[in-house]
Each structure stands twice: as structure tokens, then as C-alpha cells.
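Enquirer: To start, I am sharing the structure in question, which I have written as C-alpha cells.
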Amino acid sequence: MEALEARGLSKTFDQRGHIVRALDDFNLIIHEGQLFSVLGRNGAGKTTFLKIASTLLLPTSGTLSLFGHDAISAPKEVRALIAMVPQEGKLFYHITPRELVREYLRIRGASRETAVCRTDEVLEAMGLTAYGNTVAFQLSGGLRQRALVAMILATRAPFLFLDEPTLGMDPFARRQVWEVIRNVARQGSTVLFTTHYLDEAEELSDELAVIERGRLMFRGSSETLRATVGREVRLQFSTGFKPEELSAYGKVYTGRNHLTLLTSRSSVRELTELALTRGIEMTVGPVTLEEAFLELVGKRIEEE
Amino acid sequence: MTIRSQSNAALRICFINGVLPLWRSPLLIAAQFLTPFSFLFFLFVIAPRSLFPFGVMGGLLFTALFAGSSMLTDCAYLRLERQFQQVFVASPVRPIAYIMGMALSELAFTAPAATVFFVILLVVVPVGLVGLVALIGIFLLTWLMATTLGFFVSTLFIQLRESWPIATLIFSLLSVIPPVFYPATEIPQNWQWVALLAPSTFSAQLADRAAGLGGTLTTGSLILNAPAFDVAMLVGITLLFGTAALFLSRWREP
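Here it is, written out as C-alpha cells:
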């Protein structure tokens, strides 16, 4: 079943006479139970799409439905089925993570027993038990963000919107959150999230979409996105090569102490021998999702 | 969600936004006392003692009106800076539950100062039980009028900084300039109609009557001077602002 269906979605903002097109004829279908990520540069339209889908914002034109309910004309029906972590959302100052999660569940109509039980569970799963009774203003930014995400995930709403959920979290915390998100999805929730961490998108998503300038550029799995680059291997060289020597083999990125080359499998042997001859250290691996994303979006920027 | 669950949601929003902050930072109460008591002190020093009861009544109504100012800035802050209103929009919580929850939390902040003003009033003016009940009703209507106005206006801002001066402007116009802290008869009779432009005038007129203070408008019109007119206006304006808050405010951004 389709959990979300957006058709011809457009949104323009009038910024003091200057019309900004945040979404432009955007189409997307997300199936029930999917873990779906939306990627894009800053200002590409990710948050605008999430806001429209979560009934926070009206589109200029187009249609959007969640589980068959029209999110534009019948938001009440949709709101009963959703929960959202807003981008850069912040907690109330005087509340503890335990109170926050429990009270939010109670506000949404959960029974006392359910609220208490789920609060304990989510705090434990998110590594927040030790901070459960600490007032928010005494918590670090990452812990506050974790509490906010815990509050939304604890709802186990049929459709969860997470706008950059792991922003500001350390790598350990991010992995804990990923695990909780996976669990929630296993229990039947559909999850739509945005992120700038491409490893996160790869780890979590069943499918992903790339938005650029309000338009859908790509939709599919991370493997498919990597395949679109056309260069499947990633070679990293320590100092020794000049970028222009490698550019004939593929796309070259210059790092502080290294060069990265995205190239085809057929070039690996030749380049390995060349590196060995010159005594240059080299690593070989698959193209990362981040590189595929840079290639895809970069190409579009160059074209325009 | 049913009416019962929406009421429960409102009470819990009041708990997290009003009761918990007061419990954990009691100093927050001081801010609620500061302005009305400063006005009262000022009146006590410079005005004749006969006007002191009007100052106490003004302080009482000011606390109800100030709840509206706090509602405006708090709601704008939670929506624009903390992105927290969005958490309630994208949920089964209805606007009425959120508005009432926020308004009740402002009432929680206001309650200590209002209680002190009620006590002072009972000491300086012999208000009977009926008068006291009427005063509590007028206070609550004024609070509801101010907070619904505050919520409606809060949803119009796209920048937080704009909300602070506008809140000060609106609620100064409602609480300081109209005859809230002073008797309406202090305004020259030809200009008393101007006072009718401020909704808080009706609260003050009714409250002064309920406490038997006198000093109400003498515009020359029997209708305009009638208590029923003040009741109708206060209830009507509260309904108007309530309707604006529920149906015209930007619960979902346009």
C-alpha cells in the first residue's frame, strides 16, 4: 500500500517581491513500512517537502495523500497518523527527557501505563536512561536532540517524519538512534527522514530520493544511486601524483594530503602498477554514496 | 481525539509549559509581580489615596492582560525559535487544546500575582461574595480575551524579534492607556468614547462596578453606560478573538 503519494507538488515563497520556487512539480510515492530518506543540498526543498507532507505547510499546487487521506484538505485525519521531529527543534527548558516523552505521549492520548512503559523503553534504547531525570537546560545539545527524537519515536505513529534527526549527535549516539529507527520501522511505521549524513542515509534507507532545486532528481536504492555515477571504484593516493595525471582516468578530488579518483574497474590494474612504481600508497574501495551524490548533483549544477 | 482527551492534552501542555517551569524556577513569578506593583507603587506615591483601590483593580486586570502579552511572545518563541509548536501541529492535538494549554500555563504564571491583588483588593474594598465571584469571572474573561488575542497575533510573525515590540505595543495600549488603573471619569467627558476602543475598558468598567468603586464612563449615552453593554462587549470581543485564534491563526503555514 502507498503510505505517501505526492503529485505535481509545487511551493513558491514570495520573499519581498522575489519569488522563490522551493518545490517544482515534485512527485514521489513512498510505500508502507519503508525507511525512506530525502537527500539534497541546503535549500534544495527537503524541509519544504517534509513540512507539506506533515501538514505544517500548504503547497501552492499539487496533491499529497497519506494512507489515502488528503493531507491538504483533510489534515485532521492525517495528523492522527503522524509525528514529526522538526529541523533544529528544541526542548522546553525546564523539562526532563523522561517527563518530555511521557507527557507528549499522554498529550497524544496514550494511556498512563503505555506512556510510562514506552518512555522507559525508548530512553533505554536511546542511551538516555542516565539522563532521564536531568532538566533539559543542563543537558548537552546532542542529548537534547536525542530526547526530542526519543519523544517522537516513542509515539510509534504510523508515519514518522524526521528532519535531520541526528544533527549534532556523536557517532555512538547516531548509531543508537539508527537502531531505534529501524525497530520502529520493523514494528510497522513508515519513516521519512532528511539528512546530510550520507552514511546515515545508506545505513538506514530502503530507498532514497535526491532533490535539487525543488525537483526530484533521483529515486531508488543507494546501490542504484552509486551505479548512476558510472565509475564504480574509488582509489585514494597519498602524495605523489598530480591531479592532471589522473584526470584522464576519471573524476579527481583533491584532499589535504591525498588525491581521490573515481574510476572504472578496468583502470585499477594500470594505476596500481603506476603507484607501485612510484612508491605511492594507495587504497581501493567502492564509490561512496557521498561521492555518488556529489557527482549526480554536481553534474546538474554544471548543466544549469 | 475526544473532547476529554483534548482537555487532557490542554492540561498537560499547561503542566509542561507552566507548572514545571514555575516549580523549578520560582523566580519566574517575580516578573509577573514587577510591572503591576510598580504601577501601583507609583500611583500610591503620586495619586490621592481615594484612587488607590482603582490602582489595585488595575493591577489585578493588568496581570490578566499581561498573560496575553506573555502568550504572544511565548507562542512566537515556541514556534519560531524552538520549532515546538510544529510538534503539536503534526499530531492529533487540535488547535483548541494547544491554545488552551498555553493559555492555562500563562494563567499559572499569573495566578500568584493575581491572588495577591485579590487579597489587597479585599482588604481595601469591602467586596461581597457576589462581587468577588463577579470579579473572578471578569478576570478570567479578560485572561481569555488577552491570551486568544496573543495567540492569534503570534502566528502572524515570521521573525521572533518582531514579536517583542508588538507584544509590548498591543498590551500597553490595552492596559496602561485605557482607564484600567484609573477611573474613567478622569478622562474629559467629550473624549470618553475613545476609551471604548480598548477591549480592556469593558473589563475595567465591569470590575469597578463589581467592587462598587464607581468612576465608570459617563458618555451621556444610556446604552454605552449600561453594565449589560460592558458584559456584551467583553463577551463578544472574547468570542471574536477566540474565533480568530481558532480559525484564522496560522496553525498550518500558508
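Chains A and B, in that order, are what the protein sequence lines are.
So for the first sequence, the numbering used here puts the first residue at 428; every next one is plus one.
So for the second sequence, the numbering used here puts the first residue at 6; every next one is plus one.
Even for Gly, the Cβ is constructed at its ideal location relative to N, Cα and C.
Of all the CB atoms in chain A, is at least one closer than 8 Å to the CB of residue 258/B?
Expert: True, the Cβ-Cβ gap to chain A drops below 8 Å.
Enquirer: Using 8 Å as the Cβ pair cut-off and three pairs as the minimum, do the stretch 66 to 84 of chain B and the stretch 154 to 166 of chain B touch?
Expert: Yes, since at least three Cβ pairs between the stretch 66 to 84 of chain B and the stretch 154 to 166 of chain B fall closer than 8 Å, the two stretches touch.
Enquirer: Who are the near neighbours of residue 274/B in its chain, counting only those whose CB is closer than 6 Å to its CB and skipping five residues on each side?
Expert: No information on residue 274/B is available, as it lies outside the stretch 6 to 259 that chain B covers here.
Enquirer: Excluding sequence positions up to five away, which residues of its chain have a Cβ less than 6 Å from the Cβ of residue 159/B?
Expert: Result list for residue 159/B: 77, 80 and 81, in chain order.
Enquirer: Do you know offhand how far residue 164/B's Cα is from residue 96/B's?
Expert: Each residue's Cα considered, the two are about 24 Å apart.
Enquirer: In this structure, what does DSSP give as the bridge partners for residue 511/A?
Expert: Bridge partners of residue 511/A: 588/A.
Enquirer: Can a CB atom of chain B be found closer than 8 Å to the CB of residue 457/A?
Expert: Not an interface residue.
Enquirer: Identify, in the order they occur along the chain, each residue of the same chain with its Cβ nearer than 8 Å to the Cβ of residue 259/B, setting aside the five sequence neighbours on each side.
Expert: For residue 259/B, where only same-chain residues beyond five positions count, there are no Cβ hits under 8 Å.
Enquirer: Am I right that residue 527/A and residue 578/A are in contact with their C-beta atoms under 8 Å? What's the rounded C-beta distance?
Expert: Indeed, because the Cβ distance is near 5 Å, the residues count as touching under 8 Å.
Enquirer: Can you check whether the C-beta of residue 31/B is within less than 8 Å of a C-beta belonging to chain A?
Expert: By this cut-off, residue 31/B is not an interface position.
Enquirer: CB-CB under 6 Å to residue 14/B, same chain, minus the five flanking residues each way: which ones, in chain order?
Expert: Once the five neighbours on either side are set aside, the close Cβ partners of residue 14/B are 98 and 102.
Enquirer: Does the beta carbon of residue 164/B come closer than 8 Å to any beta carbon on chain A?
Expert: So, not an interface residue.
Enquirer: Rounded to the nearest angstrom, how far is the Cβ of residue 512/A from that of residue 29/B, given a contact under 8 Å?
Expert: Not a contact, Cβ separation roughly 25 Å.
Enquirer: Mind checking which residues open and close the alpha helix (DSSP H) that includes residue 610/A?
Expert: Segment 598 to 613, the alpha helix (DSSP H) holding residue 610/A.
Enquirer: Are the C-beta atoms of residue 25/B and some chain A residue less than 8 Å apart?
Expert: By this cut-off, residue 25/B is an interface position.
Enquirer: Take residue 508/A and list the residues in its own chain whose beta-carbon comes closer than 8 Å to its own, dropping the five residues that flank it on each side.
Expert: Around residue 508/A: 493, 494, 496, 584, 585 and 586.
Enquirer: On the three-pair Cβ rule with 8 Å, is the stretch 464 to 482 of chain A touching the stretch 57 to 75 of chain B?
Expert: With a cut-off of 8 Å, the stretch 57 to 75 of chain B and the stretch 464 to 482 of chain A do not count as touching, because too few Cβ pairs lie within range.
Enquirer: Please state whether DSSP places residue 656/A in a helix, a strand or coil.
Expert: Looking at residue 656/A - three-state DSSP - the assignment turns out to be coil, as it is neither helix nor strand.
Enquirer: Pick helix, strand or coil for residue 678/A, following the three-state DSSP scheme.
Expert: Of the three classes helix, strand and coil, the one that applies to residue 678/A here is strand, per DSSP.
Enquirer: Whose CA, out of 685/A, 716/A and 447/A, lies closest to the CA of residue 659/A?
Expert: Residue 659/A has its Cα closest to that of 716/A, out of 685/A, 716/A and 447/A.
Enquirer: Does the CB of residue 517/A have a neighbour CB from chain B at under 8 Å?
Expert: It does: the Cβ of residue 517/A has a partner Cβ on chain B nearer than 8 Å.
Enquirer: Counting Cβ pairs closer than 8 Å, one from the stretch 187 to 200 of chain B and one from the stretch 103 to 111 of chain B, do we hit at least three?
Expert: Judged by Cβ distances under 8 Å, the stretch 187 to 200 of chain B makes no contact with the stretch 103 to 111 of chain B, as fewer than three pairs qualify.
Enquirer: Can you look up residue 130/B in the DSSP assignment and give me helix, strand or coil?
Expert: It is coil, neither helix nor strand.
Enquirer: Starting from residue 710/A, follow its DSSP beta bridges and name the residues at the other end.
Expert: Looking at the DSSP assignment, residue 710/A forms a beta bridge with 663/A.
Enquirer: Which bits of chain E does residue 514/A rub up against, with CB to CB less than 8 Å?
Expert: Structure shown: chain E not included; protein chains present are A and B.
Enquirer: Take every Cβ of the stretch 537 to 548 of chain A, pair it with every Cβ of the stretch 623 to 639 of chain A, and state whether three or more of those distances are shorter than 8 Å.
Expert: Taking 8 Å as the limit for Cβ pairs, the verdict is that the stretch 623 to 639 of chain A does not touch the stretch 537 to 548 of chain A.
Enquirer: At a Cβ threshold of 8 Å, is residue 536/A touching chain B?
Expert: Yes, contact with chain B.
Enquirer: Buried or exposed for residue 669/A, please, with buried defined as at least 16 other CB atoms from any protein chain shown within 10 angstroms of its CB.
Expert: Exposed is the call here.
Enquirer: From what residue to what residue does the alpha helix (DSSP H) around residue 91/B run?
Expert: Residue 91/B -> alpha helix (DSSP H) spans 90 to 94.
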